[in-house]
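Everything below concerns the one structure shown next.
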Amino acid sequence: MTRSPVALVYRGPASTPGCPEAVAALLRSSRWGFDVRYAGPDEDVPVSALALIGAAVYAQPGGGQLRHGYRQLRRHRAAIRGFVHSGGRYLGFCLGGYLAGATPGFDLLPGDTDQYIASTAATVGSTADTLVEVAWRGRIRTLFFQDGPYFWVRPSAEATVVATYPNGTVAALVAGFGRGRVGVVGPHPEATGDWFTDAGLCVDRLGVDLGLDLVDAVMAA
């Protein structure tokens, strides 16, 4: 009997309630047949090198401020880097995208991250819950957004740009790290309908299909 690949989703003080659950739901709905488990200080599974050995993917969901999140997770930096470098997969959504960067973060990207709202000609200028337009593989879509990052890549580094913001900065990308792969996204394609209604936002179409596309891209051999 073939065992389902394990997906660990962080849930703890470096995440915002609802974000881990949305990422878990996205992973469960994917074609990969994940056995999704939460990992964190108050969960049955800790974030540790031993727990990561048995996982196919580690997902870091959205949360609060970067520096607070990194303070909660910096002691796991070596374990997460070792997991990905040896062939594991990392998925980062919003704060999880920031944390894939280096200043501060796990330093998994061939570059770094910064605030989209602080970038030149950004179409969003507030940290409030809102909508952002992206070009996802060339198709215009609208996604839930709350102070997410953009990503930059060093010249000549290998990375696949999956989505861009209207000002041309990178909204989602996939890159290698050692023998593993990293997929990050600034907006929230995993957002469920209640996120929009609770924030008083309207959207014609959820972005789950885009989230699944990112999962597929990072899980590809």
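If you count by my numbering, then the sequence shown holds residues 2 to 222, one letter each, in order.
Quick reminder that beta carbons are idealized off the backbone N, C-alpha and C, glycines included.
- Beyond the five residues adjoining it in sequence on each side, G106 comes within less than 6 Å, by CB distance, of L100 in the same chain, given in chain order.
- As DSSP reads the structure, E134 sits in a beta bridge with T143.
- Only exposed fits I141, as fewer than 16 other CB atoms lie within 10 angstroms of its CB.
- For Q73, the enclosing alpha helix (DSSP H) begins and ends at L67 to L74.
- Note: V58 is bridge-paired with A8 and R90 in the DSSP secondary-structure output.
- The beta carbon of S30 is closer than 8 Å to those of V209 and L213 in its chain, skipping five residues each way along the sequence.
- Rounded to whole angstroms, the gap between the alpha carbons of E191 and P156 is 30 Å.
- Per the DSSP secondary-structure output, R38 pairs in a beta bridge with L9.
- According to the DSSP assignment, Y99 belongs to the alpha helix (DSSP H) that extends over L96 to L100.
- When DSSP assignments are scanned along the region 168 to 218, the uninterrupted stretches of alpha helix (DSSP H) that are 4 or more residues long and fall wholly within it turn out to be 194 to 199.
- Taking a contact as a CB-CB distance under 8 Å, the pair L9 and R32 does not count as one, their CB atoms being some 19 Å apart.
- In this structure, L96 is the residue among R90, G88 and L96 with its C-alpha nearest to the C-alpha of L74.
- The criterion of a C-beta distance shorter than 8 Å is not satisfied by W196 and V163.
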